[in-house]
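Asks: Using our numbering, you'd call the opening residue of the sequence shown number 1 and step up by one each time.
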Amino acid sequence: MSQHKKTIAIYPGSFDPMTNGHLDIIERSVHLFDEVVLAVAQDNNKESLFGLEERMTMMRESTAGYENVSVEVFGGLLIHYAKQKGAAAIIRGLRAVSDFEYEFQMALMNRRLDSGVETVFLMTSAENAFISSTMIKQVATLGGEIRGMVPPAVERRLADRFKGGK
Ligand code: PNS
C-alpha cells in the first residue's frame, strides 16, 4: 500500500504587513495542502515598514488557529528555499489582471530554475481583491480606517505606529 506523502506548500511574500487578502489565500491553501509554510523574504529589494520579527509575530498571531500553518523567514532564492523544504508548490495570490504579468514572469523564472516545484495561483474573494499591503500602509499613515481589511494583530500595531493620524 502506498503511503501518503505530506504535501508542503510555501506561501512566500513580504507580508509588510499581513492583510485579510493574505488570510483569504491561507484559508484556501490549508484545504489543499497538508502543510502551508508562510515564508517571509529577507531579500526582496523593498524598504519595509515593519521589521522581520514584528512581521512574523503578527503573522503567527493571525494564523494561530491553523494547525498546519507555520511562519518562517528565508534568505536567497525562493526556489532554493522551496526545494530545501521539500515543497511541492509555491502559492501566490491573484487579485486582478494587473498582478498577472509580474506573477507570470516570476513563476516562469522559478520554473526555469527548478521545474520540480509548481507555482499555484489562488484567487482571493471579490471583497478582498482590492487590498494590498502598500495601500493599507498608505491609508494607515494618513489616518484612514483600516478595520476589516487587516487582522486585529496588524490593526493594533498600525494604530500604535500612526497614533494621532500621522
Ligand atoms: O509579497 P511580494 O513582495 O510580492 O513577494 C515577492 C517575493 C518575496 C515572493 C519575491 O520577491 C521573492 O521570491 N524573493 C526572493 C528572491 C527570489 O527568489 N527572487 C527571484 C524570483 S523570480
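Yeah, the Cβ is synthetic: ideal placement off N, Cα and C, and Gly gets one too.
For the structure I just gave you, are there three or more beta carbon pairs, one from the region 72-80 and one from the region 31-48, closer than 8 angstroms?
Replies: yes
Asks: Taking 6 angstroms as the cut-off, does the CB of L122 come closer than this to any heavy atom belonging to the ligand PNS?
Replies: no
Asks: Kindly indicate which residue of K5, F33, F15 and L158 has the alpha-carbon position closest to the one of I90.
Replies: Ranked by Cα distance from I90, the options K5, F33, F15 and L158 are led by F33.
Asks: Flag this pair as yes or no: are the beta carbons of A129 and R95 separated by less than 7 angstroms?
Replies: yes
Asks: Going by C-alpha distance, which of K6, H22 and I8 is nearest I136?
Replies: H22
Asks: Identify whether M123 lies in helix, strand or coil by the three-state DSSP scheme.
Replies: strand
Asks: Mapping the DSSP letters down to three states, classify Y11 as helix, strand or coil.
Replies: strand
Asks: Do M149 and I131 count as a contact pair if the criterion is CB distance below 7 angstroms?
Replies: yes
Asks: Suppose you measure from the CA of M59 to the CA of F100; what does that come to, to the nearest Å?
Replies: The straight-line gap from Cα to Cα measures roughly 25 angstroms.
Asks: When you compare only the Cα positions, how much space is there between S48 and D16?
Replies: 6 angstroms
Asks: At what residues does the beta strand (DSSP E) containing E145 begin and finish?
Replies: Per DSSP, E145 belongs to no beta strand (DSSP E) and is neither H nor E.
Asks: What did DSSP end up calling E47 once you bin it into helix, strand or coil?
Replies: If DSSP states are grouped into helix, strand and coil, E47 belongs with coil.
Asks: Can you name, in chain order, every residue of its own chain whose Cβ lies under 8 angstroms from the Cβ of N68, other than the five neighbours on each side?
Replies: V30, F33, D34, E35 and V36
Asks: Output needed for K166: all residues of its chain with C-beta closer than 8 angstroms, excluding positions within five of it in sequence on either side, in chain order.
Replies: Model confidence at K166 stands at a pLDDT of 46, short of 50, so the residue's coordinates are unreliable and nothing is read from them.
Asks: Give the straight-line distance between the Cα atoms of P12 and R112, rounded to the nearest whole angstrom.
Replies: 18 angstroms
Asks: Kindly examine the ligand PNS and report whether one of its heavy atoms sits closer than 6 angstroms to the Cβ of L23.
Replies: Flag unset: Cβ of L23 not near the ligand PNS.
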